[in-house]
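K.L.:
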Amino acid sequence: MRPEILFPFFKPITTLAGVGPRISVLLEKITGAHIVDVLWHLPTSYVDRRFSPTIAEAPDNTVVTLEVTVMKHFPSRNRPAPYKITCFDETGPLELVFFNARGDYLQKQLPEGETRIVSGTVERFNGILQMTHPDRMGTPEERDAIQTVDPVYPLTAGITNKLMGKTARAALEKTIPLPEWLDPAFKDRKKWQDWQDALKTAHAPQEEDDFYADAPARERLAYDELLANQLALALVRRTVRKASGRSIKGDGRLRKQVRDALPFALTGSQEEALKEINDDMGQPLRMLRLLQGDVGSGKTVVALLTALNAIECGMQAVIMAPTEILARQHMETIEPLLEGTGITPVVLTGRDKGKKRTAILDQLEDGSAQLAIGTHALFQEDVGFHNLGLAVIDEQHRFGVHQRLAMAGKGKHVDVLVMTATPIPRTLMLTAYGDMDVSRLLEKPAGRKPVDTRVMSLERLDEVAQGIGRMVSKGARVYWVCPLVEESDKIEVAAAEERFEHLQKLYGDRVGMVHGKMKGTQKDTVMAAFAKGEIDVLVATTVIEVGVNVPEATVMIIEHAERFGLAQLHQLRGRIGRGSAASTCLLLYGAPLSENGQARLKIMRETEDGFVIAEEDLRLRGAGEVLGTRQSGLPEFRLAQLPAHEDLLAVARDDVKLILEKDPDLKSARGEALRVLLYLFEEDASVTYLRSG
Ligand code: ADP
Ligand code: MG
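Note that this note's numbering has the sequence shown beginning at 642, numbered continuously upward.
1. Run through DSSP, which three-state label would Y864 get?
2. Among H971, V1079 and V1055, which has the Cα closest to the Cα of N1028?
3. For V1167, which three-state DSSP category applies?
4. With a cut-off of 8 Å on the beta carbons, I'd call L1213 and V1122 a contact; round off their distance for me.
5. Answer yes or no: the CB of P662 versus the heavy atoms of ligand 1, is any distance below 6 Å?
6. For P734, which three-state DSSP category applies?
7. On the three-state DSSP scale, how would you describe G1153?
8. Quick one: any contact between the stretch 1078-1094 and the stretch 926-939, if contact means 3 or more CB pairs under 8 Å?
9. Could you compute how far the alpha carbon of G1334 sits from the alpha carbon of P644?
10. So, is L1268 buried or exposed, given that buried needs 16 or more other C-beta atoms within 10 angstroms?
11. Taking just the CA atoms, how far does L735 sit from S717?
12. Let me know if F827 comes out buried or exposed under the rule of 16 or more other beta-carbons within 10 Å of its beta-carbon.
13. Note down, in chain order, each residue of its chain lying with its Cβ closer than 6 Å to the Cβ of M1060, except the 5 sequence neighbours on either side.
14. With a threshold of 16 other CB atoms inside 10 Å of the CB of F1141, please say whether the residue is buried or exposed.
15. Sort D1023, C1226, S686 and L1069 by Cα distance to D1288 and report the nearest one.
16. Can you tell me which of the three DSSP states Q788 falls into?
17. Mind checking whether I1014 and C954 have CB atoms under 7 Å apart?
18. In whole angstroms, give me the CA-to-CA distance for R1204 and C728.
19. If you run the structure through DSSP and keep just helix, strand and coil, what is L1002?
20. Could you give the C-beta distance for V1178 and K1158, rounded to a whole number, given that I count them as a contact under 8 Å?
21. Along the chain, where does the beta strand (DSSP E) that runs through S910 open and close?
22. Looking only at its own chain, which residues have a Cβ that is under 6 Å from the Cβ of G1251, when we skip the five neighbours before and after it?
23. Does the beta-carbon of I975 have 16 or more other beta-carbons within 10 angstroms, so that it is buried, or is it exposed?
24. Which of helix, strand or coil does DSSP assign to R777?
25. So is R720 buried or exposed if we call it buried at 16+ other beta carbons inside 10 Å?
26. Just list the beta strand (DSSP E) runs in the stretch 1071-1159, keeping only unbroken ones of 3 residues or longer that don't cross its boundaries, in chain order.
27. Nearest to A1223 by alpha carbon, out of D1325, E1323, E1139 and D1093?
28. For A1132, does the count of other Cβ atoms within 10 angstroms reach 16, so buried, or fall short, so exposed?
29. So, for R784: in the same chain, excluding its five sequence neighbours on each side, which residues have a beta-carbon less than 6 Å away from its beta-carbon?
30. Any idea if A902 is buried or exposed, counting beta-carbon neighbours within 10 angstroms, 16 or more meaning buried?
31. I believe S1098 touches A1232 by the beta-carbon criterion, under 8 Å. Please report the beta-carbon distance rounded to the nearest angstrom.
32. If R1118 and V1191 are in contact, beta carbons under 8 Å, what's the gap, nearest whole angstrom?
33. Please classify K652: does DSSP put it in a helix, a strand, or coil?
34. Our contact map puts L1280 next to E848 with C-beta atoms below 8 Å; I'd like the distance itself, whole angstroms only.
35. What does DSSP give as the partner residue(s) for S1235 in the beta ladder?
36. Using a threshold of 7 Å, state whether the C-beta atoms of P694 and V711 are closer than that.
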């Protein structure tokens, strides 16, 4: 339960002065529903009103605060003409300009003959300095309240900066000091303020540097957020690790049989990963390990050999894929490899219903199915296992982080190996998994040829469509990927259908199509035809993105490549270059291409190293955009900026390690403060993993 000290922070924003029901609806969209959300909404720039030159010295197009004597009012004679007021100081004249002004109000604010302070942007017209609609006006006594530095906030329609500023000030007034959760020595070294002061500073920038990610106040707040993130992950992970006491150490009999039958030798990376995994499984702790390997690096064999370790111990294993196509494909790859071992894998996906499903469930329950391959259908409530020892989750970024951890924590004592083909940058890995055990497949299987990647305008689409004819006649198989349409998969499918018809006119029944709206069986039939070479050109939406393996495919064409994320393009391109023949990838872009788009496509042309691509993607787009944060299940930060705060993240990780060594149940004074921190960042669930939450 949330500690009482935080209650003021979690009151609805409607309890703030000036935030009524209408405003709160708008405000909520950019901040969130609680006072704490307003606190996290930091200014992104500021208006500096401290500069107070004479009229003659005031530079054009700058914000200045001027002390002037009001000379004369010139009310507008007709509507569109402005109301003007002339003023002066000892160096020259100033003209104040108002549109749609109320004369009586201006007479009161700026009486003729009086001295007044005005603040706003000035510019010169015909040599005369003008200020249109001063932002602030007042008497000389009010100078201090006028000549300030005002924060400028990110806004939304209907919320002015003035209102946002007022709301932020009101929210800051509701804050109270919180117990310090930082290590005092570390805080001193960093010269960071207390939390509440840091928050106030971050909301009151005084100079350019105050907006930078390395401004001390912003660093402190970012660190707090990262610390909460790392601590929460560490607590979940610790619970998961502790939960099982099974040591899985097979005798290697089945693994030897399968390895001997493989048509290739494992790469050094694969061997190393298997060693790390086997060591981990042999521990009387629950394994929670990530296997990271670029597309085509050979994760499937590693998954299978890992599963066999469990099966050798008389346990069951599951391999879970994010899509039906992939689950079936794993089945097709794995089944022949198991020949002669006496193991018959079963497949379970959402498509299996009725009697067939019941039969599979029975086999899982009585243990006769030693290996199950499937989609998340495997984890539905009514699916029970006789003795599940291992779950391999492939392409796991499709599943939410918490979902994944929760699944492992649900109480079935299973070791978990998650596999991802998306080379998530190290930085983001840490925020999504904490200090998780990672094995990486850095080496590609021998015999891979580099893919020749070219970037060209969509205007040449017809030429390209004609050109693939030549390639196909030489035996090439071609993927043709249709544009990603974020807003509507209907449009996406329509685009695929249109391209399909277009290519069919050229190549007749050598062309096939798969898209997300097709039935599973239909998709499988088309994919199988493509794999067998019954069709040569496969028009597809991004359903082929993940994992599909047709080594004979050597050409990939991607329409509107600029709309895809780099990680996605990399995944797509990974579908080719898998066989012995040379491969070509054509990235077609819609002109005009933005600078960022150009930079991204350039990276695709220059490298095939998934980790380099991932790092570049992070650099170019920032953490929020990489992989599409929402779909990726990566956490979104309010205060921390990645990669700018990468160093702090590493420090937070180490900090958490020390904290949990010294004070595993967060019982010390600092521990108590850290609990407050977890609640402050709404990591409530993680606190339940503490012995006395
Ligand atoms: P991914 O990591 O993308 O899932 P896969 O497991 O699908 O990669 O492997 C891609 C292809 O490489 C498959 O055809 C697989 O049989 C093959 N392969 C895997 N390991 C090796 C290896 N050590 N040497 C040669 N080919 C391999
Ligand atoms: Mg795979």
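Beta carbons are placed, not taken as given, at the ideal position from N, Cα and C, and that holds for glycine.
P.N.:
Answer, in terms of the structure:
1. If you number the sequence shown from 1, residue 864 lands on position 223. Looking at Y864 - three-state DSSP - the assignment turns out to be helix.
2. Against the sequence shown, residue 1028 aligns to sequence position 387. It is V1055.
3. To locate residue 1167, count along the sequence shown from 1; it is residue 526. V1167 falls in the helix class under three-state DSSP.
4. Here residue 1213 corresponds to residue number 572 of the sequence shown, with the count starting at 1. Here residue 1122 corresponds to residue number 481 of the sequence shown, with the count starting at 1. Right, their Cβ atoms sit about 6 Å apart.
5. As a first step, residue 662 is located in the sequence shown; it is residue number 21 there, counting from the start. False, no ligand heavy atom lies under 6 Å from that Cβ.
6. For the purposes of this step, residue 734 is taken as the residue at position 93 of the sequence shown. Three-state result, P734: strand.
7. If you number the sequence shown from 1, residue 1153 lands on position 512. Reduced to three states, the DSSP call for G1153 is strand.
8. yes
9. Translated into the one-based positions of the sequence shown, residue 1334 becomes position 693. Translated into the one-based positions of the sequence shown, residue 644 becomes position 3. Summary for G1334: the model assigns pLDDT 40, below 50, so the residue's position carries little reliability; its value from the coordinates is reported in the next sentence. Going from the Cα of G1334 to the Cα of P644 covers about 11 Å.
10. Your numbering for residue 1268 matches position 627 in the sequence shown. Annotation note: pLDDT 43 at L1268 (below 50); position unreliable, coordinate value reported separately. L1268 should be labelled buried.
11. If you number the sequence shown from 1, residue 717 lands on position 76. If you number the sequence shown from 1, residue 735 lands on position 94. Distance between the alpha carbons of S717 and L735 is about 17 Å.
12. For the purposes of this step, residue 827 is taken as residue 186 along the sequence shown, with counting starting at 1. By the 10 Å Cβ count, F827 comes out exposed.
13. Taking the sequence shown and counting its residues from 1, one reaches residue 1060 at position 419. Counting only Cβ-Cβ distances below 6 Å, and skipping sequence neighbours, we find L932, K940 and D1035.
14. Numbered from 1 along the sequence shown, position 500 holds the residue referred to as residue 1141. With 16 or more other Cβ atoms within 10 Å, it is buried.
15. Taking the sequence shown and counting its residues from 1, one reaches residue 1288 at position 647. Nearest C-alpha to D1288: L1069.
16. Counted from its first residue, the sequence shown places residue 788 at position 147. Here Q788 sits in coil by DSSP.
17. Locating residue 1014 in the sequence shown gives position 373, counting from the first residue. Locating residue 954 in the sequence shown gives position 313, counting from the first residue. No.
18. The sequence position of residue 1204 within the sequence shown is 563, counting from 1. The sequence position of residue 728 within the sequence shown is 87, counting from 1. Whole-angstrom Cα-Cα distance: 54 Å.
19. Looking up residue 1002 in the sequence shown gives position 361. Here L1002 sits in helix by DSSP.
20. For the purposes of this step, residue 1178 is taken as the residue at position 537 of the sequence shown. For the purposes of this step, residue 1158 is taken as the residue at position 517 of the sequence shown. Not confirmed; about 20 Å, so no contact.
21. On the sequence shown, position 269 is the one that residue 910 refers to. Careful: S910 lies outside any beta strand (DSSP E), inside the alpha helix (DSSP H) at G909 to G923.
22. The count along the sequence shown starts at 1 and reaches residue 1251 at position 610. Answer for G1251: D935, P1064 and H1211, listed in chain order.
23. Along the sequence shown, read from residue 1 onward, the residue named residue 975 stands at position 334. Counting Cβ neighbours within 10 Å, I975 comes out buried, since at least 16 surround it.
24. Taking the first residue of the sequence shown as 1, we reach residue 777 at position 136. R777: strand per DSSP, three-state reduction.
25. Reading the sequence shown from its first residue, position 79 is the one you call residue 720. Flag for R720 reads exposed.
26. 1078-1082, 1092-1098, 1118-1122 and 1152-1155
27. As a first step, residue 1223 must be located in the sequence shown, where it is residue number 582. Of D1325, E1323, E1139 and D1093, the residue nearest in Cα terms is D1093.
28. Taking the sequence shown and counting its residues from 1, one reaches residue 1132 at position 491. Inspection of the sequence shows that residue 1132 is occupied by Ile rather than by Ala. That one is exposed.
29. As a working mapping, residue 784 is identified with position 143 in the sequence shown. Excluding sequence neighbours, R784 sits near I758.
30. Here residue 902 refers to the residue found at position 261 when the sequence shown is read from its first residue. Exposed: under 16 other Cβ atoms inside 10 Å.
31. Start at 1 with the first residue of the sequence shown, and residue 1098 comes out as number 457. Start at 1 with the first residue of the sequence shown, and residue 1232 comes out as number 591. Yes, S1098 and A1232 are in contact; Cβ-Cβ is about 5 Å, under 8 Å.
32. On the sequence shown, residue 1118 is found 477 positions in, with the first residue counted as 1. On the sequence shown, residue 1191 is found 550 positions in, with the first residue counted as 1. Sure, about 7 Å apart at Cβ, within 8 Å.
33. On the sequence shown, residue 652 is found 11 positions in, with the first residue counted as 1. In this structure, K652 counts as coil in the three-state DSSP scheme.
34. As a first step, residue 1280 must be located in the sequence shown, where it is residue number 639. As a first step, residue 848 must be located in the sequence shown, where it is residue number 207. Wrong, their Cβ atoms sit about 20 Å apart, outside the cutoff.
35. Working through the sequence shown from its first residue, we reach residue 1235 at position 594. BP columns for S1235 are empty, so no partner.
36. Walking along the sequence shown from the start, residue 694 turns up at place 53. Walking along the sequence shown from the start, residue 711 turns up at place 70. No. Outside cutoff.
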